[in-house]
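Student:
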Amino acid sequence: MEKAAKKQIVNSGFGIFGFKKKVLDGIREVGFREPSPIQKEVIPIILDGLDVIAQAQTGTGKTAAFALPLVNGLKHNGSIEALVIAPTRELVMQIGDEIFKLGKYNKVRTVSLFGGQPIQRQVELLAKKPQIIIATPGRLLDHLRNGRLKKFAPQIVVLDESDEMLDMGFLDDIEEIFSYLPSERQTLLFSATMPTPIKHLAQKILHNPKLVKITPSDTTNQDISQRYYIINEQEREDAIVRLIDSEMPTKAIIFARMKKEADLLCERLVDRGYKAGALHGDMEQRERQKSIKAFKDSSVNILVATDIAARGLDISGVSHVFNFHIPLNPESYVHRIGRTGRAGKKGVAITLATPLEFKELRRIKENTKAKIELYEIPDLQDTLDKKDGNLLEKIVKYEITDEALRVYEQIRANIDITQLVCKLLSMVLQDNKVLGPNKIGLDKEDLYHFKKQLQENDKRRTKETKKMSSKTNNASPKKRSNGHRNNKDSKNKRDSRAKNSKRR
0 MEKAAKKQIV NSGFGIFGFK KKVLDGIREV GFREPSPIQK EVIPIILDGL
50 DVIAQAQTGT GKTAAFALPL VNGLKHNGSI EALVIAPTRE LVMQIGDEIF
100 KLGKYNKVRT VSLFGGQPIQ RQVELLAKKP QIIIATPGRL LDHLRNGRLK
150 KFAPQIVVLD ESDEMLDMGF LDDIEEIFSY LPSERQTLLF SATMPTPIKH
200 LAQKILHNPK LVKITPSDTT NQDISQRYYI INEQEREDAI VRLIDSEMPT
250 KAIIFARMKK EADLLCERLV DRGYKAGALH GDMEQRERQK SIKAFKDSSV
300 NILVATDIAA RGLDISGVSH VFNFHIPLNP ESYVHRIGRT GRAGKKGVAI
350 TLATPLEFKE LRRIKENTKA KIELYEIPDL QDTLDKKDGN LLEKIVKYEI
400 TDEALRVYEQ IRANIDITQL VCKLLSMVLQ DNKVLGPNKI GLDKEDLYHF
450 KKQLQENDKR RTKETKKMSS KTNNASPKKR SNGHRNNKDS KNKRDSRAKN
500 SKRR
């Protein structure tokens, strides 16, 4: 069976790249079968030794797109052969894990460098001669400035999540890092968006790069059901709780704007009996790793996180993403919802917005061309019916154990079966309660009137703008006409005076 699987990999999409057998073994063990669109486009270019600018959204398989060529090209000559720079420690660790798994059979050695770890420990790891370094800009620059990286001349350099590094203020650090690197190198730049500063950076550090752009239709976004709910500001917490109860996510990430908000919301959810954890930049590294581990192994199934802390999180099985507030920009929206609907699985992205935020939501819809549909928050009874139905379905499917049969045999003579079932259901349903007000948020009728009012306001503003523009346009020619007439009158007067003078 294993031999058949190996043969399938060699003859499948990954076989066309000409990877070494040891790399194909790693691909097989990870479970990859067919390359994603970004992998199909980028891998051949990297293998040809060319520089690349790859624009693709989160969740498209771009880590493997650069990791596989890196692992395949290792020379095992005792030097640092490749450098990967990423914005956050979580992303650094995840890239390191993926490179290690893919390069397992090719004896890849990696070191991850990021803040929060003892410098001396990192120096010891560097002394073991890793082939690939994965690092955050700040910690890497610290090692470079202090001369801790001896004979540092990586032949391939990767910038991952470049737009996020721009947002975090790392652009100057990146330029300084490149001053330490050899001019003869291959550079790969990956970014979900291409703002002007990133384009300028690319011009400085890349040489005749090939541009690869994977459009949204080529990514997993079509696997994400995108919804929005209009609420009043004071209803946010009740709304998120009601939607969790109604949606019953297997794993969910709730994005909060601020660290304090993430902590507070997490605390409120835990108080209500949900298995929730927080993730943000003010947490100690050990706490952050603990939260991520708990979320990965499902001891916590709701993670309340800030944008930067959750950047690059690659955790399988995230069924839902909730935006507690409207994201600050369309790019942030794209990055957030990319946590779900990965690897061909379906996902749900839910956004809460107030009437005042509706315009921002509309801007996101227009810029991302996403189909974000309006939904109404379920009332108490609908949510309870759904939870009860789900519970009964679980009970029907639940396997009867020998222990349960043994207990049943002991008590069946002393209790009526109907009473037993009712008592057990009462006990189970005690934890199946739905709290909060019956109605949360605007219903469709309220929203219809709200949107109609917005449209009327837009029409009125457009009409006023046209009216003002028309007045301005009409005024200018009139002045020119008066000026022309005045000039003409003056000329006629001068001519008349000249004629009279001649007569005299």
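Numbering that gives the first Met the number 0 puts the sequence shown at residues 0 to 503.
Beta carbons are placed, not taken as given, at the ideal position from N, Cα and C, and that holds for glycine.
(1) Compare the C-alpha of Met-164 against each of Pro-86, Gln-130, Leu-278 and Gly-316 and name the closest.
(2) Thinking Ile-371 and Gln-225 are a contact (beta carbons under 8 Å), I'd like their distance in whole angstroms, please.
(3) Which two residues bound the contiguous alpha helix (DSSP H) that contains Val-269?
(4) To test your reading of the DSSP string, which unbroken beta strand (DSSP E) runs of 3 or more residues are found completely within the stretch 63 to 103?
(5) For Gln-121, count the other beta carbons within 10 Å of its own beta carbon; 16 or more makes it buried, fewer makes it exposed. Which is it?
(6) Could you give the distance in angstroms between the alpha-carbon of Leu-390 and the alpha-carbon of Gly-115?
(7) Whole-angstrom Cβ separation of Asp-50 and Leu-170, contact assumed at under 8 Å?
(8) Could you please give the first and the last residue of the uninterrupted alpha helix (DSSP H) stretch that includes Thr-249?
(9) Would the beta-carbon of Ala-134 fall within 8 Å of that of Phe-113?
(10) Would you grab the beta carbon distance between Thr-305 and Ala-255 for me? Rounded to a whole angstrom, and I think it's under 8 Å.
(11) Report the rounded CA-to-CA distance for Gln-233 versus Phe-449, giving the unit in angstroms.
(12) Apart from the five residues on each side of it in sequence, which residues of its chain come closer than 8 Å, Cβ to Cβ, to Asp-162?
(13) How about Ala-251 and Ile-307: are their beta carbons less than 8 Å apart?
(14) Can you tell which of Pro-436, Arg-335 and Glu-356 has its C-alpha closest to the C-alpha of Ala-348?
(15) Can you tell me which of Glu-40, Tyr-104, Gln-56 and Ile-52 puts its alpha carbon nearest to the alpha carbon of Glu-28?
(16) If the criterion is Cβ atoms closer than 8 Å, does the pair Pro-354 and Ile-239 meet it?
(17) Over what stretch of residues does the alpha helix (DSSP H) that includes Tyr-332 continue unbroken?
(18) With DSSP as the reference, label Ala-55 as helix, strand or coil.
(19) Give a yes or no on whether the C-beta atoms belonging to Val-107 and Leu-67 are separated by under 8 Å.
(20) Around the C-beta of Gly-17, are 16 or more other C-beta atoms found within 10 angstroms, so that it is buried, or is it exposed?
(21) Determine the burial state of Gln-56: buried for a count of at least 16 other Cβ atoms within 10 Å of its Cβ, exposed for fewer.
(22) Going by beta-carbon coordinates alone, are Pro-153 and Ile-79 separated by less than 8 Å?
(23) By the three-class DSSP mapping on this structure, what secondary structure does Ile-118 have?
(24) Just tell me which of Asp-270, Gly-102 and Gly-440 has its CA closest to the CA of Ala-63.
(25) Check the DSSP bridge columns for Tyr-227 and list the partner residues they point to.
(26) How many Å lie between Pro-117 and Leu-373 at the Cα?
(27) How big is the Cα-Cα spacing for Ser-436 and Asp-442?
(28) Kindly identify the DSSP beta-bridge partner or partners of Lys-212.
(29) Could you check whether Lys-203 and Glu-175 sit closer than 8 Å to each other, using their CB atoms as the reference points?
(30) Of all the options Arg-341, Lys-393 and Gly-337, which has the alpha carbon lying nearest to the alpha carbon of Thr-367?
Tutor: Quick look at the numbers:
(1) Nearest option by C-alpha distance: Pro-86.
(2) 4 Å
(3) 258 to 270
(4) 81 to 84
(5) buried
(6) 44 Å
(7) The Cβ separation is near 19 Å, so there is no contact.
(8) Looking at the DSSP string, Thr-249 is not in any alpha helix (DSSP H), and its letter there is neither H nor E.
(9) yes
(10) Rounded to the nearest angstrom, the Cβ distance from Thr-305 to Ala-255 is 6 Å, consistent with a contact under 8 Å.
(11) Each residue's Cα considered, the two are about 18 Å apart.
(12) Ser-190, Ala-191, Thr-192, Met-193, Pro-194, Ile-197 and Glu-330, listed in sequence order.
(13) no
(14) Arg-335
(15) Tyr-104
(16) no
(17) 329 to 336
(18) coil
(19) no
(20) exposed
(21) Counting C-beta atoms within 10 angstroms of its own C-beta, Gln-56 has 16 or more neighbours from the protein chains shown and is therefore classed as buried.
(22) yes
(23) helix
(24) Gly-102
(25) Thr-350 and Leu-373
(26) 49 Å
(27) Checking the sequence shown, residue 436 turns out to be Pro, not Ser. So the alpha carbons of these two residues sit roughly 14 Å apart.
(28) Gln-54
(29) Result no, Cβ atoms of Glu-175 and Lys-203 do not sit closer than 8 Å.
(30) Gly-337
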